[in-house]
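Engineer: After the structure tokens below, expect a handful of questions from me.
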Amino acid sequence: MRQSFDRELQRLQAEILRMGSEVEEHLTRVTTAFVERDAYTAAQMIAADTSINERRIQIGLDALTLIAKQQPLAGDLRLIGAVMEIVGELERIHDYIKGIGKISLNIGATPILPAFVAHMPEMAETAREMLHLSLKAFVDRDRDLAQRVPAMDDVVDALFNQLYADILAYAANQPQAISHSNQLEWALHNLERSADRTINICEWVVYMVTGVYHEMSMGEYEAPPQ
Amino acid sequence: MTTLAHDPSGGPFAIEAQALNIYYGSFRAVKDINLRFSTHKITALIGPSGCGKSTVLRAFNRMNDLIPISRTEGTVLFHGKNIYDADVDPVQVRRRVGMVFQKPNPFPKTIYENVAWGARINGFKGNKADMDALVEESLRDAAVWDDVKDKLFQSGLSLSGGQQQRLCIARAIATRPELILMDEPASALDPISTLRIEELIQDLKKNYTILIVTHNMQQAARASDYTAFFNMDTDRAGYLVEYGQTDQVFTSPKSEMTEQYITGRFG
Amino acid sequence: MSDRPLPTETPPEPAAEQGDRFAALYPSEEGIRAQVARRQRVATGWRVAFLAATSLAVVILSTLLLSIINQSFGLVAEQTDIPEAQLVADHYKSQVLGATNVLLATEDDADIAAGIAADANGIGLLGYAVYADNGAALQALSVDGVAPTAETVATGTYPLTRPLLLYSSAAILSDKPQVAAFLLYTLQHAEEVMSELGAFPADATALAEQAAALATTLGLDPAAPIDPAAYEGDIVISGSSTLNPVTREIARRFRGEGFQGAIKISSVGTVAGFEAFCAESADLVDASRPITTVETAACAANNLTPLSVQVGLDPVVVAVNSANTFAADVNGEQLAALFTTATNWSEVVAGWPADAIHRFLPTTDSGTMDVFVNTVFGGRTLADLPYDALVQIFKANVTAGRCRAIEAEQRFYADSFVCDTEEAFTARCQSDAAPTGCVLEPRDKGSLVALIQADVVNPVVQQAWFLAESLFRREEIMAEARQAYPTADVHFRRWLTLDFLTRPQSSQPELAGVRTAILGSLWVVAIGILVGFPVGVGAAIYLEEYADKRRRFNRFIQTNINNLAGVPSIIYGLLGLTVFVRVLEPITSGAVFGVGDATTANGRTILSAGLTLALLILPVIIISAQEAIKAVPSSLREASLGLGATKWQTIWNHVVPNAIGGIMTGVILAMSRIIGETAPLVVVGASTFITTDPTGPFSKFTTLPTQIFQWTSRPQQTFLLIAGAAIIVLLVLLFILNAFAIYLRNRYARRIG
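Given below as structure tokens:
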């Protein structure tokens, strides 16, 4: 029964995964470009956002079509709901990637803080891993995994706090570089928000599996740390 | 199976089945039903064919008595009284528990008479004017007055299927029952008529407790407050699988079987 | 030679051969076409067979119907003792002769003419010839505006015209050549002589043709004039005074041309003339009207077969005195009054003088009187005569004993006796075997007319012919009938007449009717349906709605009802005989209610028959009602019960009204069946001969099919014919009852729907 519906659902999931893995990869690449001052790659990542946006819209429309045609209920309905949410989150994450790319171009040839060079890749890698695991939880309907992923955000938060402190110190010493500091602060924030978005994905995965939506991130960094 | 919560609202209830078992000859069609239906709510009974949901529905006004080989065990409490007690006349039960059937079945009489007849046989004491008013109000309540007001003395069979079904609903509510049982009331109708019936059911909720058997999942989801899912066990007896708020049952059913049924993966 | 397959004409069909092996099991395209054509042929064959069956049925039914119709109409040779018309005419003749102031009743027109001429208030009837002789003293009244003139007489517009005939017989003509010669001479000279006398000769061509035909018959030369000198012997002529002057003049000329024999001519009136002729004392009859069947019969007794020639026409003149200034034109009604009821002229037309009418009439035997009565009172039947006149006719034409017996059966008058005496009648009524006349009301006119027809007129159909023969060989039949039944009246007869419907049974097929049988059938069918319908429908309701079909007992009953539907009806008759006629006799004879028919002191009544038929149709009604009840959708029952209706309310308000169409269909079938039933009714005791109408459920009875059955088993052919007519009545009755039932059913079904 409902084989064509199931095929459609599978295709939707595959699309999400393909898009997700691309976002993962871009997260790593844009961070690397940022610390290595690789303007070319940064520009590539900015350009890639267009195609990501298009795919997000396409997946969203496909999901709506499925709702209209198949009138999904229960698990199917939750899956499609989750897909529509997750694809939105992925798109937002890629917006952050695009933001980091743009900042990278804004900074231009100015060297960045060594602390950033040392720790930003680690932070990006953690966020990427979180994204990877949340998508794995989505595919595997793994509620436990989805619930474990937000804990990894602590690592990201810790690095964010540390680098934020470095920026404040740097800005205090070099008031003329306030603009540069500001650029760095934005890039750092983008990276941190990417990880938060991943938590949203986990929340939808849990809902998809259990039918219960439970907020997991506290949204600590909507405002700068005190 | 009987450990499932049988009263999801916890509020006042209209009728309750306790340990209900219904047999056709030696075949047990329905087993161990425990259900309580909230007052002034719409409860949908869903489940695959042969799961006994119609049988359960008909147990609440003793319609199963019409089948000579049927036998009902257990209790159906209505106002604290078991309607299957020996001293209860099924006619009294049916007078207070109305029924609307799958196929519109107006009497081959005039529209007016279709509505008035039930009142008349049940001892309606009003005069002609009262009767006219009752007929009009019942037809209005059943949202069919505008369609039929100019042809009250034409045959009920001259109406369209949807109008006939609303006439049947008017006929049922004219006797002022407390409960209305609806056995797939829209299954023989076109989609527009179906939606009108669903709207009508929503309106009727204010005054009546409604039990509705339906095969149409969307209809159950749209029209009901509570949903009870029945399935057929390996011995082919129907049993209650899940009973809960419709929102919950249709988004995140507790039972895997319900999930499979409502997502169309069996049944 | 080669291993390679030969190239095929058509490319292989890839789909069929590779993918789906079942497709290959179907015929190829060519084969499909042939196969479909074959199936169509088979279908056509069946259609033709069904059409043939239908046609056969139609042909058989039509044949049946046609044969019944063929039987019910046709020519008959009917003989009566006294024709009804004659009884009626005699009555009016006596009325005319019995009127006031009949100053003269004579056979001689000349006396009448003289009488009128001498009396200013005189009026009379006379032949035109005599009227013409007395032209100055008399004047002729015109009738309906037509005066008697040569023209109106010849064209037939003057109503009081009669033929003038000469009668003889073939035997006389061959035995007495002088008579034949005189007759031929008369035809040859009639025009000349009559014109001279101012009489009205027949059409010249007609005279010539008759002369030629007669000459040929006698073996004479039609063209040659008769030479009276060549004949000798006596000629005796008798009859009408009207024709008398003509005959005398011809006789004078006949003698004048050398006839040697004596010619004796007497003017005694047509009736006396025929009497003399049939008594062999006259050779020729001067007749002013055709011979009647009675006179023919009298002649036949002496082996005389009358033979006639027409020589002229004679208007009967209604003459008044030439001094009469008021009367000039009269109509039929006034004419009747002038000669019967009126005493004074003023009673006929207001404004005429109040003087007494003085009547001068011919006698009852005269042709003039016949023409007058037949014209003025023509078309009247016995039923038009007053009751008293009918009583007198009856009394005059039957024996005193018969009259007494009839009066004992039922009196003519409540307060007086016609043939019996008060004392004798009272005595009979006090005896044990009191006749029915003691209690019955006096006869009505209808029964008296029927009595006269049976006892006095006594029509007997000597032979009857079917419709087809009557139409296609009419001439042959007429000739045959004249030969075999010279005195019988051969005419076309419908056996199915209004009289047939309204007359009771009779031992004379000519007078028998089916009224008793129709009423009997209606009574019996009504009781059968009235009893069978409620009981049957009730049983059907019980079996369908209440009885538990799982119980062996109920299934047993059901099976038996189904079987009963196939039991031969005679068995029901035996059951009815045992139960209703014998065991329940006190009830079925009406004895316990004290209303029984005194003449039927047993249970062989309409009630027994109706109950028997009710039993007979019970299974049919039960089964059809059961089917009808089964056909009521259960959704309707559920709807009703779901509203809180009780089972009975559901049945009464929904099940029965919706089943009534089917139930009525069963009743119609049942009615059709019992209206044609014979066997059980014969067993139960339908009367074989009954003339009194059934008056209630305790009456004796017969039914149409029983009547038909009895008639068909009678030896007389005529009974077969009226059986045919009765079959048509039965069919029509069945049709009417069915139409009524169907109308009821549709009306009722419509009201529900």
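Chains as they are written, first to last, in our numbering: chain U, 19 to 244; chain G, 20 to 286; chain Z, 15 to 767.
Built from N, CA and C at the ideal position, the CB exists for glycine as well.
1. I'd like to know if Z:Thr660 contacts chain G, where contact means its C-beta is closer than 9 Å to some C-beta of that chain.
2. Looking only at its own chain, which residues have a Cβ that is under 7 Å from the Cβ of Z:Ile186, when we skip the five neighbours before and after it?
3. Measure from the alpha carbon of Z:Thr200 to the alpha carbon of each residue in Z:Pro173, Z:Asp248 and Z:Arg262, then state which is nearest.
4. List, in chain order, every chain Z residue whose beta-carbon is nearer than 9 Å to that of G:Leu85.
5. Use the C-beta contact count for G:Thr21: other C-beta atoms within 10 angstroms, 16 or more gives buried, fewer gives exposed.
6. Less than 9 Å separating the beta-carbons of Z:Asp379 and Z:Glu121?
7. Return helix, strand or coil for Z:Val282, following the three-state DSSP convention.
8. Could you tell me the distance, in whole angstroms, from the CA atom of G:Cys187 to the CA atom of G:Glu156?
9. Could you pull out every residue in the same chain whose Cβ sits closer than 8 Å to the Cβ of Z:Asn268, ignoring the five residues on either side in sequence?
10. Cα separation between U:Ser22 and G:Phe269?
11. Return the residue from the list Z:Ile126, Z:Glu599 and Z:Leu695 that minimises the CA-CA distance to Z:Met383.
12. Candidates Z:Ile585, Z:Ala134, Z:Ile674 and Z:Ile722: which alpha carbon is nearest Z:Ala370's?
13. For Z:Ser182 versus Z:Val299, is the C-beta spacing smaller than 9 Å?
14. Which residue wins for smallest C-alpha separation from Z:Ala579, given the options Z:Gly699, Z:Arg687 and Z:Val696?
15. Decide if the stretch 728-745 of chain Z is in contact with the stretch 551-570 of chain Z; the criterion is three or more beta carbon pairs, one per stretch, under 8 Å apart.
16. Given this structure, state the Cα-to-Cα distance separating Z:Lys459 from Z:Phe64, to the nearest angstrom.
17. Could you name the residues that DSSP lists as bridge partners for Z:Arg176?
18. Which same chain residues end up closer than 7 Å to Z:Leu155 when comparing Cβ atoms and leaving out the 5 residues on each side of it in sequence?
19. With distances taken from CA atoms, which of U:Gln194, U:Leu108 and U:Met234 is nearest U:Ala169?
20. Scan the stretch 319-389 of chain Z and note each continuous alpha helix (DSSP H) run of 4 residues or more that stays entirely inside, going in chain order.
21. Going by DSSP, name the residue or residues bridged to G:Gly263.
22. Kindly list the residues whose CB is nearer than 7 Å to the CB of Z:Gln49, restricted to its own chain and excluding five residues on each side of it in sequence; keep chain order.
23. My output table needs one value for G:Asn80: the three-state DSSP class, helix, strand or coil.
24. Of all the options G:Gln279, G:Ala191, G:Lys60 and G:Pro125, which has the alpha carbon lying nearest to the alpha carbon of G:Asn141?
25. Strictly below 8 Å CB to CB, what residues from chain Z border G:Gly145?
26. What are the residues of the stretch 106-124 of chain G that lie near chain Z, defined by any Cβ-Cβ distance shorter than 7 Å?
27. CA-CA distance, Z:Thr219 and Z:Pro236?
28. Report yes or no: is there a C-beta of chain G within less than 9 Å of the C-beta of Z:Glu31?
29. Whole angstroms are fine: how far does the CA of Z:Arg394 sit from the CA of Z:Ala103?
30. G:Ile34 and G:Phe56 - do their beta-carbons sit closer together than 9 Å?
31. In this structure, does DSSP put Z:Tyr401 in helix, strand or coil?
32. Counting Cβ pairs closer than 8 Å, one from the stretch 191-206 of chain G and one from the stretch 115-127 of chain G, do we hit at least three?
33. Whose C-alpha, out of Z:Pro694, Z:Arg761 and Z:Gly690, is nearest the C-alpha of Z:Ile742?
34. Residues of the stretch 92-104 of chain U with a CB closer than 7 Å to any CB of chain G: list them in chain order, please.
35. Return the chain-ordered list of same chain residues with a C-beta closer than 6 Å to the C-beta of Z:Gly546, the five sequence neighbours on each side being excluded.
36. Whose C-alpha, out of G:Val134, G:Ser212 and G:Ala161, is nearest the C-alpha of G:Asp149?
Structural biologist: This is what the structure gives:
1. Position 646 of the third sequence, counted from the first residue, corresponds to residue 660 of chain Z. Closer than 9 Å to some Cβ of chain G, the Cβ of Z:Thr660 qualifies, so yes.
2. Here the question's residue 186 of chain Z lines up with position 172 in the third sequence. Closer than 7 Å at the Cβ level, and outside the excluded window around Z:Ile186, lie Val193 and Asp297.
3. Position 186 of the third sequence, counting from 1, holds the residue named residue 200 of chain Z. Per the Cα distances, Z:Arg262.
4. Against the second sequence, residue 85 of chain G aligns to sequence position 66. By Cβ distance, chain Z contributes Ser648, Arg651, Glu652 and Leu655.
5. Translated into positions along the second sequence, residue 21 of chain G becomes position 2. Because G:Thr21 sits at a pLDDT of 37, beneath the cut-off of 50, its placement in the model cannot be relied upon, and the point is left open.
6. Taking the third sequence and counting its residues from 1, the one referred to as residue 379 of chain Z is at position 365. Taking the third sequence and counting its residues from 1, the one referred to as residue 121 of chain Z is at position 107. In contact: Z:Asp379 and Z:Glu121 (Cβ atoms closer than 9 Å).
7. Indexing the third sequence from 1 puts residue 282 of chain Z at position 268. Coil at Z:Val282, not helix or strand.
8. One-based indexing of the second sequence puts residue 187 of chain G at position 168. One-based indexing of the second sequence puts residue 156 of chain G at position 137. So the two alpha carbons sit approximately 14 Å from each other.
9. Position 254 of the third sequence holds residue 268 of chain Z. The sequence as given places Phe at residue 268 of chain Z; Asn does not occur at that position. Result list for Z:Phe268: Phe196, Tyr199, Pro242 and Ile277, in chain order.
10. Sequence index remark: in the first sequence, residue 22 of chain U carries index 4 (1-based). Sequence index remark: in the second sequence, residue 269 of chain G carries index 250 (1-based). Taking the straight line from one Cα to the other gives about 21 Å.
11. Stepping through the third sequence from its first residue, residue 383 of chain Z is reached at position 369. The candidate whose alpha carbon is nearest that of Z:Met383 is Z:Ile126.
12. In the third sequence, residue 370 of chain Z corresponds to position 356, counting from 1. It is Z:Ala134 whose Cα lies nearest to the Cα of Z:Ala370.
13. For the purposes of this step, residue 182 of chain Z is identified with residue 168 of the third sequence, where counting begins at 1. For the purposes of this step, residue 299 of chain Z is identified with residue 285 of the third sequence, where counting begins at 1. Yes.
14. Within the third sequence, residue 579 of chain Z is the residue found at index 565, counting from 1. Of the candidates Z:Gly699, Z:Arg687 and Z:Val696, the one whose C-alpha sits nearest the C-alpha of Z:Ala579 is Z:Arg687.
15. no
16. Here residue 459 of chain Z corresponds to residue number 445 of the third sequence, with the count starting at 1. Here residue 64 of chain Z corresponds to residue number 50 of the third sequence, with the count starting at 1. Near 58 Å, if we compare the C-alpha coordinates of Z:Phe64 and Z:Lys459.
17. In the third sequence, counting from the first residue as 1, residue 176 of chain Z sits at position 162. According to DSSP, Z:Arg176 bridges with Z:Asp328.
18. What you label residue 155 of chain Z is simply residue 141 of the third sequence in a count that begins at 1. Same-chain partners within the cutoff: Val332, Val334, Ala341, Ala342, Asp343 and Val344.
19. The sequence position of residue 169 of chain U within the first sequence is 151, counting from 1. Among U:Gln194, U:Leu108 and U:Met234, the Cα nearest to that of U:Ala169 is on U:Met234.
20. 346-353
21. Within the second sequence, the letter at position 244 stands for residue 263 of chain G. Looking at the DSSP assignment, G:Gly263 forms a beta bridge with G:Thr246.
22. Sequence index remark: in the third sequence, residue 49 of chain Z carries index 35 (1-based). Once the five neighbours on either side are set aside, the close Cβ partners of Z:Gln49 are Pro41.
23. In the second sequence, the residue the question calls residue 80 of chain G occupies position 61. In the structure shown, G:Asn80 sits in coil (DSSP, three-state: anything other than H, G, I, E or B).
24. As a first step, residue 141 of chain G must be located in the second sequence, where it is residue number 122. Residue G:Ala191 is the option with its Cα nearest to G:Asn141.
25. The residue given as residue 145 of chain G occupies position 126 in the second sequence. Ordered by position in chain Z, no residue passes the 8 Å Cβ test against G:Gly145, which lies about 17 Å from the chain.
26. Val110, Arg113, Arg114, Gly117, Met118, Phe120, Lys122 and Asn124
27. Reading the third sequence from its first residue, position 205 is the one you call residue 219 of chain Z. Reading the third sequence from its first residue, position 222 is the one you call residue 236 of chain Z. Straight-line Cα distance between these residues: approximately 14 Å.
28. Mapped onto the third sequence, residue 31 of chain Z falls at position 17. Here the model assigns Z:Glu31 a pLDDT of 49, short of 50, so the residue's position is not dependable, and the following value carries that caveat. No, Z:Glu31 lies away from the interface with chain G (no Cβ there is under 9 Å from its Cβ).
29. For the purposes of this step, residue 103 of chain Z is taken as the residue at position 89 of the third sequence. For the purposes of this step, residue 394 of chain Z is taken as the residue at position 380 of the third sequence. Rounded to the nearest angstrom, the two C-alpha atoms are 9 Å apart.
30. Against the second sequence, residue 56 of chain G aligns to sequence position 37. Against the second sequence, residue 34 of chain G aligns to sequence position 15. Yes, these two residues count as a Cβ contact at 9 Å.
31. Counting from one through the third sequence, the residue named residue 401 of chain Z turns up at place 387. It is helical.
32. yes
33. What you label residue 742 of chain Z is simply residue 728 of the third sequence in a count that begins at 1. Of Z:Pro694, Z:Arg761 and Z:Gly690, the residue nearest in Cα terms is Z:Gly690.
34. Ala92, Gly93, Asp94, Leu95 and Arg96
35. Indexing the third sequence from 1 puts residue 546 of chain Z at position 532. Cβ neighbours of Z:Gly546 beyond the five flanking positions: Ala628, Ile631, Leu632 and Ile635.
36. Within the second sequence, the letter at position 130 stands for residue 149 of chain G. That would be G:Val134, whose Cα lies nearest to the Cα of G:Asp149.
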